[in-house]
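Take a look at the structure set out below.
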Amino acid sequence: MTRVRILFLAHRAPSAPDKGERIRAFHFLTALAQRHDVYLGAHVEEDAAGARRALSPLCADLCLRPLPTTVRTVRIARAVLAGRAASLEAFRDAALQRWVADRLRQGIDLVFLYSLAAIEALPSVAVGVPLLADLVDCDAAKWAELADRTRDPLHRLLYAREARLVAATERRLLAACRLALVAAAREVEALAAVHARPCPGVRVLTNGVDSDFFDPSLSFPDPYPPPRRPTLVFTGAMDYPPNAEAALWFARAVLPRLEARGLPCRFAVVGRHPGRRLRRLADGQRVIVTGWVEDVRPWLAHADIAVVPLAVARGVQNKLLEAMAMAKPVVASPAAARGIAALPGRELAVAADAAAMAEEIGRLLASRERASALGAAARAHVRAHYRWQDRCLELLAACEEVAASTPSSRASFSTTRALASQLRSSS
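Structure (structure tokens):
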């Protein structure tokens, strides 16, 4: 197929692929750029110069708009007061919209939206170009689940409101795009449940993991302080509330149970931007809270068990795939394990509550042979079923299919009036 001009719009630039959303976006952007001409529009929350250096070689052109925390906070506050979806409004930027409008006027064959929030980059005029959206997860279901689980009445009200507003935008986007992608089959089910209708235009394209990078045969320095003790590790961005809540819950509910069983374990929380509540738990021995680390692999390599105790989880958890690729025995919550097509008890352990999680961890620590077998099976599973190379080939095929579905591949900017304004009217 001839080279396609792809406008790749993302809510956050995938310049530092160190968390789930950016890992998937980085691999997809790289794959598309190898075969087609990619024009990237996105936001950068930190190190804009570094992001530009990293992404410029991949792109025919790019527009990276700074998004300081203060600006994002103001936009969220305005959205709440105006009755708009705060999680989307945070990424509305007039300069980025102007750049997108100009890019569309010059000619684009396909618009690729990475995440629902990327819809805010579309100008309020017209988009007469085939649209492919990678929703990754069902955002409306995530907000509804957070509303159901929180104990704070104000948070429950805000989360439920966000779920309703986000669902309205999801519904319009699904109606407008030629094809939508999600990371797991349960996200298709969630979209159908939220919108009370089947979603035939939604396709599953799961995540991958680089098993050559996450390779347990490589040698890594031990990052843990002496003395040596059984070590449990949980990785992820700790400014993401479900991750932070999971870490707090594990430290308070599971670690004491292990200690009561005579297992003086160490719990390492590895990930950037931990909040005050997490930092207060850290003592450097029983609980370690690292903040940002340059490389997560040493922390995985020298841990005994990886835990993924998420109460709220959507799609496929990259942290789980990375631990499995490192041949670590993994103990995960049902929510975290649901997106992975792995056999409980053979390729990972699943525990539904604190007592069950302590029991599974105790069994693994008591049997080095069982732990090693579980880790080896985990790595074999992700190597067989979660290769980024395969996922990227699927993405390329999907993009080329959508771009070729338009009789006039060089669609004009003014072909379809008001599509973007309709999509954004509910956000």
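Take the position in the sequence shown, starting the count at 1, then add 1226; the result is the number in our numbering. Quick reminder that beta carbons are idealized off the backbone N, C-alpha and C, glycines included.
Practice task
State the Cα-Cα distance for the pair Gly1276 and Pro1240, rounded to the nearest angstrom.
Solution key: Here the question's residue 1276 lines up with position 50 in the sequence shown. Here the question's residue 1240 lines up with position 14 in the sequence shown. Rounded to the nearest angstrom, the two C-alpha atoms are 11 Å apart.
Practice task
Quick one: grab the DSSP three-state call for Trp1614.
Solution key: Taking the first residue of the sequence shown as 1, we reach residue 1614 at position 388. The answer is helix: DSSP assigns Trp1614 an H, G or I state.
Practice task
Look at Val1408 and Leu1484 and say whether their C-beta atoms are less than 8 Å apart.
Solution key: For the purposes of this step, residue 1408 is identified with residue 182 of the sequence shown, where counting begins at 1. For the purposes of this step, residue 1484 is identified with residue 258 of the sequence shown, where counting begins at 1. Not a contact, by the Cβ cut-off of 8 Å.
Problem - For Arg1512, the three-state DSSP class (helix, strand or coil) - result: Residue 1512 sits at position 286 when you count from the first residue of the sequence shown. In this structure, Arg1512 counts as coil in the three-state DSSP scheme.
Problem - Of the residues Ala1343, Phe1493, Val1414 and Pro1535, the one placed nearest His1528, counting alpha carbons only - result: Within the sequence shown, numbered from 1, the residue matching residue 1528 stands at position 302. Here the closest residue by C-alpha is Phe1493.
Problem - Burial state of Asp1319 (16 or more Cβ within 10 Å) - result: One-based indexing of the sequence shown puts residue 1319 at position 93. So Asp1319 counts as buried.
Exercise for the section: Check whether the Cβ atoms of Leu1339 and Ala1359 lie closer than 8 Å to each other. Expected result: The residue you call residue 1339 lines up with position 113 of the sequence shown. The residue you call residue 1359 lines up with position 133 of the sequence shown. Closer than 8 Å, so yes.
Handout entry: Classification of Ala1389 by the beta-carbon crowding that lies within 10 angstroms, buried from 16 upward
Key = Working through the sequence shown from its first residue, we reach residue 1389 at position 163. Ala1389 is buried by the Cβ-count criterion.
Handout entry: Continuous beta strand (DSSP E) stretch holding His1381: start and end
Key = Taking the sequence shown and counting its residues from 1, the one referred to as residue 1381 is at position 155. That residue, His1381, is in no beta strand (DSSP E); its alpha helix (DSSP H) goes Pro1379 to Ala1402.
Practice task
For my contact list, Val1326 and Val1355 are in at a C-beta cut-off of 8 Å; report their separation, rounded to the angstrom.
Solution key: Start at 1 with the first residue of the sequence shown, and residue 1326 comes out as number 100. Start at 1 with the first residue of the sequence shown, and residue 1355 comes out as number 129. About 11 Å; that fails the 8 Å criterion.
Practice task
Label Asp1365 either buried or exposed according to how many other C-beta atoms from any shown protein chain fall within 10 Å of its C-beta, with 16 as the threshold for buried.
Solution key: Locating residue 1365 in the sequence shown gives position 139, counting from the first residue. Classification for Asp1365: buried.
Exercise for the section: Excluding the 5 residues preceding and the 5 following Arg1609 in the sequence, name in chain order all residues of the same chain whose CB lies nearer than 8 Å to its CB. Expected result: Mapped onto the sequence shown, residue 1609 falls at position 383. So the qualifying residues of the chain are Ser1437 and Ala1551.
Exercise for the section: For the alpha helix (DSSP H) holding Arg1429, just list the boundary residues, first then last. Expected result: On the sequence shown, position 203 is the one that residue 1429 refers to. Unbroken run through Arg1429 is the beta strand (DSSP E), Val1428 to Val1430; no alpha helix (DSSP H).
Problem - Inter-residue Cα distance where the pair is His1262 and Ala1581 - result: For the purposes of this step, residue 1262 is taken as the residue at position 36 of the sequence shown. For the purposes of this step, residue 1581 is taken as the residue at position 355 of the sequence shown. Straight-line Cα distance between these residues: approximately 51 Å.
Exercise for the section: For Ile1566, decide whether its Cβ has a neighbour in chain C, counting only Cβ atoms nearer than 8 Å. Expected result: No chain C is part of this structure, which consists of one protein chain only.
Practice task
Reducing DSSP to helix, strand and coil, say where Leu1474 ends up.
Solution key: Here residue 1474 corresponds to residue number 248 of the sequence shown, with the count starting at 1. Of the three classes helix, strand and coil, the one that applies to Leu1474 here is helix, per DSSP.
Exercise for the section: Would you mind stating whether Val1480 and Ala1584 have Cβ atoms separated by less than 8 Å? Expected result: As a first step, residue 1480 is located in the sequence shown; it is residue number 254 there, counting from the start. As a first step, residue 1584 is located in the sequence shown; it is residue number 358 there, counting from the start. Cβ distance < 8 Å, so Val1480 and Ala1584 count as in contact.
Practice task
Pull up the CB-CB distance for Glu1548 and Phe1440, whole angstroms please, since I reckon it's below 8 Å.
Solution key: For the purposes of this step, residue 1548 is taken as residue 322 along the sequence shown, with counting starting at 1. For the purposes of this step, residue 1440 is taken as residue 214 along the sequence shown, with counting starting at 1. Right, the Cβ-Cβ distance comes to about 5 Å (below 8 Å), so this counts as a contact.
Practice task
Report yes if the CB atom of Cys1403 is closer than 8 Å to the CB atom of Leu1357, and no otherwise.
Solution key: Taking the first residue of the sequence shown as position 1, residue 1403 is located at position 177. Taking the first residue of the sequence shown as position 1, residue 1357 is located at position 131. Yes. Within cutoff.
Handout entry: Buried versus exposed call for Glu1315 [16 or more other C-beta atoms within 10 Å across all chains shown]
Key = Within the sequence shown, residue 1315 is the residue found at index 89, counting from 1. So Glu1315 counts as buried.
Practice task
Kindly indicate which residue of Arg1250, Pro1456, Lys1245 and His1421 has the alpha-carbon position closest to the one of Ala1532.
Solution key: To locate residue 1532, count along the sequence shown from 1; it is residue 306. Looking at the Cα atoms, Pro1456 is the closest of the given residues.
Problem - CB contact flag (Arg1654, Asn1433, <8 Å) - result: The shown model of the chain, from 1227 to 1653, leaves out residue 1654, and the question about it has no answer.
Problem - Residue of Ala1567, Leu1288, Gly1497 and Arg1375 minimising C-alpha distance to Ala1604 - result: As a first step, residue 1604 must be located in the sequence shown, where it is residue number 378. The shortest Cα separation from Ala1604 among Ala1567, Leu1288, Gly1497 and Arg1375 belongs to Ala1567.
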